[in-house]
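Remarks on the structure that follows.
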Amino acid sequence: FFGLISLSRMLSLRCARLAAYTTGALASAFFTQRHLAYAKHDDKSVELQQIAAQLQRIERRLEITNPLPRETNDWASDVVLSQLFTKDEIQARVKSLAKEISRDYMGKEVLVVGLMTGVFMFMSDLVKELEIPHEVQFVSVSSYGKGMVSSGNVKIKKDLETPVSGRHVLIIDEICDSGGTMASLEALFRDRGAASVKSCVLLNKVSRRTLPIVPDYIGMECPDHFVIGYGMDWKEKYRSLPYVAIMKPEVYEEKS
Numbered sequence: 061f062f063g064l065i066s067l068s069r070m071l072s073l074r075c076a077r078l079a080a081y082t083t084g085a086l087a088s089a090f091f092t093q094r095h096l097a098y099a100k101h102d103d104k105s106v107e108l109q110q111i112a113a114q115l116q117r118i119e120r121r122l123e124i125t126n127p128l129p130r131e132t133n134d135w136a137s138d139v140v141l142s143q144l145f146t147k148d149e150i151q152a153r154v155k156s157l158a159k160e161i162s163r164d165y166m167g168k169e170v171l172v173v174g175l176m177t178g179v180f181m182f183m184s185d186l187v188k189e190l191e192i193p194h195e196v197q198f199v200s201v202s203s204y205g206k207g208m209v210s211s212g213n214v215k216i217k218k219d220l221e222t223p224v225s226g227r228h229v230l231i232i233d234e235i236c237d238s239g240g241t242m243a244s245l246e247a248l249f250r251d252r253g254a255a256s257v258k259s260c261v262l263l264n265k266v267s268r269r270t271l272p273i274v275p276d277y278i279g280m281e282c283p284d285h286f287v288i289g290y291g292m293d294w295k296e297k298y299r300s301l302p303y304v305a306i307m308k309p310e311v312y313e314e315k316s
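Numbering-wise (our numbering), the sequence shown opens with residue 61 and increments by one.
Rendered as structure tokens:
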């Protein structure tokens with residue numbers, strides 16, 4: 061009981077801190093409602109702790125304009141402003157996603173489809189943690205057209221090796237920003253007769269979303285910054301960094 065009181069007070073203090081920021085005010089309202097609802101039950105200490113962890117992650121994202129120095133690979137230090145997600149944070153979240161996916165697809169075989177090329181690190185780590193039968197394939201596509209979602213909006217550069225008809229398809233991508241490619245690819249697989257189509261992304265950048273799509277599985281929320289590492293590149297470099305980093309704006313603004 062006293063633990064719940066302590067957690068509730070701590071959550072209130074964190075919401076107050078977040079309310080000092082513009083985006084933090086929205087987070088404050090959302091999490092305050094959730095923690096008050098959970099506080100009505102006697103056995104919700106775990107849920108309260110999870111909310112506290114979410115608040116801590118939001119605080120880190122909001123403080124990114126004044127990042128603390130964090131260790132980076134020497135060869136990339138000239139272009140890295142700060143680490144957004146560390147190697148350990150990524151691996152912990154990937155394992156959590158794999159457990160969630162394995163639970164949801166229990167008793168089914170899944171066709172895991174990776175969107176080339178940036179997904180290679182995320183997908184490799186994710187499928188190694190899956191506890192269900194699955195097949196791994198890759199596609200390379202580009203989308204075109206604005207304001208609509210259609211399977212006709214997808215240009216296939218590399219297609220799947222086998223049909224998707226009657227199969228459970230899970231599309232994997234490292235980041236979802238505008239949502240155009242993901243939405244059109246989902247529509248394409250449904251048109252081909254897939255039994256189900258879901259999507260999983262490491263990073264969800266809603267600030268750049270132009271279509272009403274929400275991935276079914278999300279690793280982390282990504283602020284509106286140019287990010288590199290863990291598969292993501294700038295001019296085909298920095299994909300192999302084991303963490304996700306924010307790139308210095310002066311680098312890509314001057315040299316792009």
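Note that beta-carbon positions come from the ideal geometry of N, C-alpha and C, so glycine has one too. Bear in mind the structure is a predicted one, so any value in this text is a computation, not a measurement.
So if DSSP puts residue i in a beta bridge, which residue, or which two residues, is it bridged to?
{"i": "Q143", "result": "A305"}
{"i": "I161", "result": "None, per the DSSP bridge assignment."}
{"i": "V224", "result": "Bridge partners of V224: none, in fact."}
{"i": "Q197", "result": "V173"}
{"i": "L230", "result": "V172, K258"}
{"i": "I288", "result": "A305"}
Just reading off the beta strand (DSSP E) that residue i is part of, what are its end residues?
{"i": "V170", "result": "170-175"}
{"i": "M280", "result": "277-281"}
Identify, in the order they occur along the chain, each residue of the same chain with its Cβ nearer than 7 angstroms to the Cβ of residue i, setting aside the five sequence neighbours on each side.
{"i": "R227", "result": "L171, A254, A255"}
{"i": "T82", "result": "Caution is warranted here: a pLDDT of 38 is assigned to T82, below 50, making its placement in the model unreliable, and no coordinate value can be reported."}
Spatial neighbours of residue i within its chain, please: CB distance less than 8 angstroms, with the 5 preceding and 5 following residues excluded, ordered by chain position.
{"i": "Y312", "result": "F286, W294"}
{"i": "E221", "result": "Q197"}
Quick check: the Cα distance between residue i and residue j, rounded to an integer number of angstroms?
{"i": "G84", "j": "P283", "result": "Low local confidence applies: a pLDDT of 39 at G84 is under 50, so the model's placement there is unreliable, and no value is given."}
{"i": "V173", "j": "S267", "result": "25 angstroms"}
{"i": "E189", "j": "S137", "result": "31 angstroms"}
{"i": "A247", "j": "D134", "result": "43 angstroms"}
{"i": "T146", "j": "I273", "result": "27 angstroms"}
{"i": "R265", "j": "L144", "result": "Looking at the sequence provided, one finds Lys at residue 265 rather than Arg. Going by the C-alpha atoms only, they are around 13 angstroms apart."}
What do you get for residue i, buried or exposed, if any count of 16 or more other CB atoms within 10 angstroms of its CB means buried?
{"i": "E296", "result": "exposed"}
{"i": "A152", "result": "exposed"}
{"i": "G167", "result": "exposed"}
{"i": "I216", "result": "exposed"}
Could you pull out every residue in the same chain whose Cβ sits closer than 6 angstroms to the Cβ of residue i, ignoring the five residues on either side in sequence?
{"i": "M176", "result": "F198, S200"}
{"i": "R299", "result": "G291, D293"}
{"i": "V224", "result": "F249, R252, A254"}
{"i": "M181", "result": "Y290, G291"}
{"i": "G178", "result": "E234, G291, M292"}
Along the chain, where does the alpha helix (DSSP H) containing residue i start, and where does it finish?
{"i": "V187", "result": "180-189"}
{"i": "G25", "result": "Missing from the structure shown is residue 25; the chain here goes from 61 to 316 and no further."}
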